[in-house]
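Numbering (the working numbering), first residue to last: 1013 to 1373. Using N, Cα and C, we set each Cβ at its ideal position, and we do this for glycine too. Treat the numbers as computed from the prediction; the structure is a model and nothing was measured.
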């Protein structure tokens, strides 16, 4: 336990008889940027509030630097929180907001001034000391909120969807700045968001949440390339999910089929037997489409192009299979000759397909 700066041990929490957190366990290392990723209502904010001490779990333990702080008050935990709405004092200057907690501690004026100056330099807001929050842009207010949090040198910084109120361009800029700041400070960040792109861009590890549980915890590459469940595959990257029955299994691959065709997936040491039901995830960028007349192989799924669209240089083609199911193929560029109504064969490289929803995985 002493190897981790933060540890959640089987956390349970209910509100009004409805279970919000169901046995959450998580271990976070010093200096790690970990993101809790999930849709609204999955328990992300409740988890953050329990870490901060703003909520008490019904059962389970919270450890900070190996110490049980489950029942400690928020002001006795060396953590700070940055909220989506910034929560700045509107009647105070930037300097007043950042120095507020230091003045409560009755620190020497010179020390406070130095700390505020250093915090402003970190968030690149030097010279903004006398500005009022109303005179700042959204991105600048968010930086002040971060400066106010880090000036106390917390061991863990909790960030509750801090970029959610910003426009897309500013949000992407702030993602880069937050990651830079986190690496510079060496502070552990626990970040929550429902934005998969944000999580993939910023995190050392991602904990994907669903209904008060962690579906998968891993690096961005692990979560994206090797999802353990169909839920993770769909939520992070919007993968195609295909169901079938295994009918040829060897050391390296599993051949499966359903009423629409035949597919091959890398086995990756999964314990799959002949006749077993399988669930396969394939990212849209790995889907290959060829005109049906030009493909003589038995492998693949026959479908008809239903829709073709372009977005930001990305071509997306939706293919309808015979049973009504749809598969999505995407790639960069707009030079496809396929049009709605064309009959196509859908295939992929076996190593680009993943077996998911495996029991015991």
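Asked, Found
"Spatial neighbours of residue 1376 in its chain, beta-carbon cut-off 6 Å, leaving aside the 5 residues before and after", "As displayed, the chain neither begins before 1013 nor continues past 1373, which places residue 1376 out of reach and without an answer."
"Same chain, Cβ closer than 8 Å to residue 1248, neighbours up to 5 away in sequence not counted", "1049, 1208, 1211, 1212, 1218, 1220, 1235, 1236 and 1239"
"When 1073, 1102 and 1116 are compared against residue 1087, the one with the closest alpha-carbon", "1116"
"Straight-line Cα distance separating residue 1089 from residue 1133", "26 Å"
"Residue of 1339, 1364, 1362 and 1303 minimising C-alpha distance to residue 1349", "1303"
"Residue from 1151, 1159, 1184 and 1201 with nearest C-alpha to residue 1168", "1201"
"Burial state of residue 1180, where buried means 16 or more other Cβ atoms lie within 10 Å", "exposed"
"Neighbourhood of residue 1276 by C-beta, 6 Å cutoff - its chain only, sequence neighbours within 5 removed", "1265, 1267 and 1362"
"Identity of the residues DSSP links to residue 1319 by a beta bridge", "1330"
"Alpha carbon of residue 1356 to alpha carbon of residue 1368, nearest angstrom", "26 Å"
"Closer than 8 Å to chain B by CB, residue 1305", "Although the question refers to chain B, the structure presented lacks it and comprises just one protein chain."
"For residue 1170, the nearest candidate out of 1176, 1177 and 1162 (CA to CA)", "1162"
"Stretch-stretch touch, CB-based, cutoff 8 Å, three pairs: the region 1068–1075 with the region 1017–1026", "yes"
"One or two residues paired with residue 1355 in a DSSP bridge", "1316"
"Cα-Cα separation between residue 1261 and residue 1157, rounded to whole angstroms", "55 Å"
"Ranges of the beta strand (DSSP E) found wholly within the region 1069–1113, counting only runs of at least 3", "1071–1076 and 1091–1095"
"Distance between beta carbons of residue 1258 and residue 1290, contact taken as under 8 Å", "5 Å"
"Cα-Cα separation between residue 1352 and residue 1282, rounded to whole angstroms", "38 Å"
"Contact under 8 Å by Cβ, residue 1292 with residue 1256", "yes"
"Limits of the unbroken alpha helix (DSSP H) element including residue 1214", "1208–1214"
"Assigned exposure category for residue 1107 - 16 Cβ within 10 Å defines buried", "buried"
"Own chain, CB closer than 7 Å to residue 1360, minus 5 neighbours either side, in chain order", "1294, 1298, 1299 and 1300"
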